[in-house]
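First the structure, in the form of structure tokens, and then the observations on it.
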Amino acid sequence: MNKVDSQLLVIFGASGDLTARKLLPGVFVLHQKLLLPHNFCILGAARTQHTDEEYRLLMKDHLLEELKDKICSPALVDSFLKRVFYLSFDSNDSSDYAKLKEKIDILQQQKKLEDRILYYLATPPIMYERIPTFLKENGLNVTKTHDGWRRIIVEKPFGTSLDSAQRLNKHLSRIFQEKQIYRIDHYLGKETVQNILVLRFSNGIFEPLWNRNYIDSVEISATEKLGVEKRGKYYDGAGALRDMIQNHLMQLMAFAAMEPPSSFDPERIRDEIVKVFRSLHAYSEKEMNSLIVRGQYQGYRNEPDVSPTSNTETYVAMKMYIDNWRWSGVPFYIVTGKKMSEKASEITINFKSTPQQLFIGQCSGSSCNKLVIRIQPDESISIKFGLKVPGAGFTVRQVGMDFRYDSLSSESLPDAYERLLLDAMLGDSTLYARSDALEASWSIIDPILKYWQENGEKGIFSYDEGEDGPTERRTLSIPKETWTCELNNK
Ligand code: BG6
Numbered sequence: 318m319n320k321v322d323s324q325l326l327v328i329f330g331a332s333g334d335l336t337a338r339k340l341l342p343g344v345f346v347l348h349q350k351l352l353l354p355h356n357f358c359i360l361g362a363a364r365t366q367h368t369d370e371e372y373r374l375l376m377k378d379h380l381l382e383e384l385k386d387k388i389c390s391p392a393l394v395d396s397f398l399k400r401v402f403y404l405s406f407d408s409n410d411s412s413d414y415a416k417l418k419e420k421i422d423i424l425q426q427q428k429k430l431e432d433r434i435l436y437y438l439a440t441p442p443i444m445y446e447r448i449p450t451f452l453k454e455n456g457l458n459v460t461k462t463h464d465g466w467r468r469i470i471v472e473k474p475f476g477t478s479l480d481s482a483q484r485l486n487k488h489l490s491r492i493f494q495e496k497q498i499y500r501i502d503h504y505l506g507k508e509t510v511q512n513i514l515v516l517r518f519s520n521g522i523f524e525p526l527w528n529r530n531y532i533d534s535v536e537i538s539a540t541e542k543l544g545v546e547k548r549g550k551y552y553d554g555a556g557a558l559r560d561m562i563q564n565h566l567m568q569l570m571a572f573a574a575m576e577p578p579s580s581f582d583p584e585r586i587r588d589e590i591v592k593v594f595r596s597l598h599a600y601s602e603k604e605m606n607s608l609i610v611r612g613q614y615q616g617y618r619n620e621p622d623v624s625p626t627s628n629t630e631t632y633v634a635m636k637m638y639i640d641n642w643r644w645s646g647v648p649f650y651i652v653t654g655k656k657m658s659e660k661a662s663e664i665t666i667n668f669k670s671t672p673q674q675l676f677i678g679q680c681s682g683s684s685c686n687k688l689v690i691r692i693q694p695d696e697s698i699s700i701k702f703g704l705k706v707p708g709a710g711f712t713v714r715q716v717g718m719d720f721r722y723d724s725l726s727s728e729s730l731p732d733a734y735e736r737l738l739l740d741a742m743l744g745d746s747t748l749y750a751r752s753d754a755l756e757a758s759w760s761i762i763d764p765i766l767k768y769w770q771e772n773g774e775k776g777i778f779s780y781d782e783g784e785d786g787p788t789e790r791r792t793l794s795i796p797k798e799t800w801t802c803e804l805n806n807k
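For the sequence shown, the numbering used here begins at 318 and goes up steadily by one.
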């Protein structure tokens, strides 16, 4: 594996939840795995007043809490925190950037850092334009050495519509080149998601079947038991379509549906992702009613910071089609929802059944054979097929062959942020969204949002907690919900 170069990670929004719960724990694990060079530092910048020492103490508590069973020795936490510095700084105030520049210069000199800076925008999205603008005004977006660099990681949501995503892309492209911009989608940092590419493209057995001749449908779902918790303000303006589908689930779809890239080069992989989004069938108004079901859980309107008349969807199930030779006519069912019966993300490939039913108990219709990629929890890959029940006759029973990730190693799977941060430090953008793909995915989602907005409350169905969405979802005939073989055979 490539080694991380000497560099400085500057986190804007350093007193926020994301930094404490994901970013610093992610970098700590890299430190513990000895993946960081000795001249690597982190500078947290946020409005709250702290000295370096106060900030370290605060972060120490978070690290101990977040990484309870993962810390090999307390001394490692102390050695890690020596790399962490803090600047009280108002990212909204252009004059504060001189202070930032000064602190960066001092750190680079004192800690003998190379002129390589990775910026992380862990701030509210309203700052995604402003911070880069002020960085540019202060010359912080360019390096003066030939082997130095600047990179910037931008958190989701990247825009709230096609228009705003395009504006943001355009703005950032005036300050950084595309290869310097890393748009993060934490789903792509999940080990099981990356394994979709390896499963598909390193095994000869799946790819010949991976098309409309053998696949009946594909289901991609990410359900949660929790509601919006304390995020009502953000969520009420976003909704499930923007929050989960435009980014996470569409990226999963692209990994499941893309053509084999010509090489494992980041750009070649991202070329294939964009092709999937550009081939997506755009919904007509009629199809928006017949192929998409949206719901809102009971009690959502009473959640803190949620409008009492809100029409925001907390559940979406949609049937999508990819208009290309591989997938023509194969429905992709995309489902997400809050306050559902379980927290689970998975991709299910439903293969076509045999042309004739010879046996008792054999599945008919679609889905005797499935490949289930369980992304979380209980990360696993299973193949389902029919086998004869021992004894007289030829009765079929559905069985499964399972691979569980925890059988590979006793170590827990790396957190998504750990992997993604490491990739950005190394300059590998494979698992980050490219501007063209982002805009292509927005161009499918945007008309749906507009249509919903015009229709207000009409067409939003309510569901009870734990109910797995509104009953109207049944009009889509989602295979997982209609498939009864397994139950019959129990
Ligand atoms: C985030 C969404 O991007 O993903 C949240 O904003 C959602 O609403 C979360 O809960 C789900 O992520 P995960 O990794 O827990 O499936």
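Beta carbons: idealized from backbone N, C-alpha and C, even for Gly.
Since this is a predicted model, take the numbers as computed values, not measurements.
Three-state class that DSSP yields for residue i in the structure shown
{"i": "D334", "result": "helix"}
{"i": "W769", "result": "helix"}
{"i": "K660", "result": "coil"}
{"i": "E371", "result": "helix"}
{"i": "T540", "result": "strand"}
{"i": "Q483", "result": "helix"}
{"i": "L326", "result": "strand"}
{"i": "R467", "result": "strand"}
{"i": "Y403", "result": "strand"}
{"i": "T509", "result": "helix"}
{"i": "N667", "result": "strand"}
{"i": "S760", "result": "helix"}
{"i": "Y552", "result": "helix"}
{"i": "A750", "result": "strand"}
{"i": "R643", "result": "coil"}
{"i": "S580", "result": "coil"}
{"i": "L725", "result": "coil"}
{"i": "R351", "result": "Residue 351 is actually Leu in this sequence, not Arg. Note: L351 maps to coil in three-state DSSP."}
{"i": "D386", "result": "coil"}
{"i": "K705", "result": "strand"}
{"i": "A557", "result": "helix"}
{"i": "F493", "result": "coil"}
{"i": "S627", "result": "coil"}
{"i": "M318", "result": "coil"}
Cβ neighbour criterion (16 or more within 10 Å) applied to residue i
{"i": "E382", "result": "exposed"}
{"i": "N530", "result": "exposed"}
{"i": "P625", "result": "exposed"}
{"i": "E646", "result": "The question names Glu, but residue 646 is Gly in the sequence shown. G646 should be labelled exposed."}
{"i": "K807", "result": "Only weak support is given to the placement of K807: the predicted model assigns it a pLDDT of 40, under 50, and the value that follows is read from those uncertain coordinates. Exposed, since its Cβ has fewer than 16 Cβ neighbours within 10 Å."}
{"i": "V346", "result": "buried"}
{"i": "C802", "result": "Residue confidence is low: C802 scores 46 on pLDDT, short of 50, so the model does not pin down where it sits. Its coordinate-derived value is still stated next. Looking at its Cβ environment, which holds 16 or more other Cβ atoms inside 10 Å, C802 is buried."}
{"i": "L566", "result": "buried"}
{"i": "D622", "result": "exposed"}
{"i": "N319", "result": "exposed"}
{"i": "D785", "result": "buried"}
{"i": "E495", "result": "exposed"}
{"i": "F329", "result": "buried"}
{"i": "I677", "result": "exposed"}
{"i": "A337", "result": "buried"}
{"i": "L543", "result": "exposed"}
{"i": "S697", "result": "buried"}
{"i": "W642", "result": "exposed"}
{"i": "E735", "result": "buried"}
{"i": "M718", "result": "exposed"}
{"i": "L435", "result": "buried"}
{"i": "P577", "result": "exposed"}
{"i": "G773", "result": "exposed"}
{"i": "L341", "result": "buried"}
{"i": "G343", "result": "buried"}
Identity of the residues DSSP links to residue i by a beta bridge
{"i": "H712", "result": "Rather than His, the amino acid found at residue 712 in this sequence is Thr. According to DSSP, T712 bridges with I677."}
{"i": "G612", "result": "Y632, F778"}
{"i": "C358", "result": "L325"}
{"i": "G744", "result": "Paired residue(s): none; G744 is not in a bridge."}
{"i": "I434", "result": "L325, R467"}
{"i": "T500", "result": "It is Arg, not Thr, that sits at residue 500 in the sequence shown. For R500, which the question treats as bridged, DSSP gives the partners V471, A750."}
{"i": "G521", "result": "For G521, which the question treats as bridged, DSSP gives no partner whatsoever."}
{"i": "A363", "result": "S405"}
{"i": "M637", "result": "F649"}
Presumed contact (8 Å Cβ cut-off) between residue i and residue j, rounded CB distance
{"i": "E536", "j": "K797", "result": "6 Å"}
{"i": "F809", "j": "H367", "result": "For the chain, the structure presents residues 318 to 807; residue 809 sits outside this window and is missing."}
{"i": "P787", "j": "Y632", "result": "7 Å"}
{"i": "L593", "j": "M575", "result": "Note that residue 593 is Val in the sequence shown here, rather than Leu. 5 Å between Cβ atoms; contact."}
{"i": "G654", "j": "T540", "result": "5 Å"}
{"i": "S779", "j": "G556", "result": "Between G556 and S779 the Cβ distance is about 15 Å, and since that is not below 8 Å, they are no contact."}
{"i": "S662", "j": "Q615", "result": "At roughly 24 Å, the Cβ-Cβ gap does not stay under 8 Å, so S662 and Q615 are not in contact."}
{"i": "M325", "j": "Q425", "result": "What sits at residue 325 in the sequence shown is Leu, not Met. 7 Å between Cβ atoms; contact."}
Proximity test, Cβ basis, 8 Å: residue i and chain D
{"i": "S758", "result": "The structure shown has no chain D; it contains just one protein chain."}
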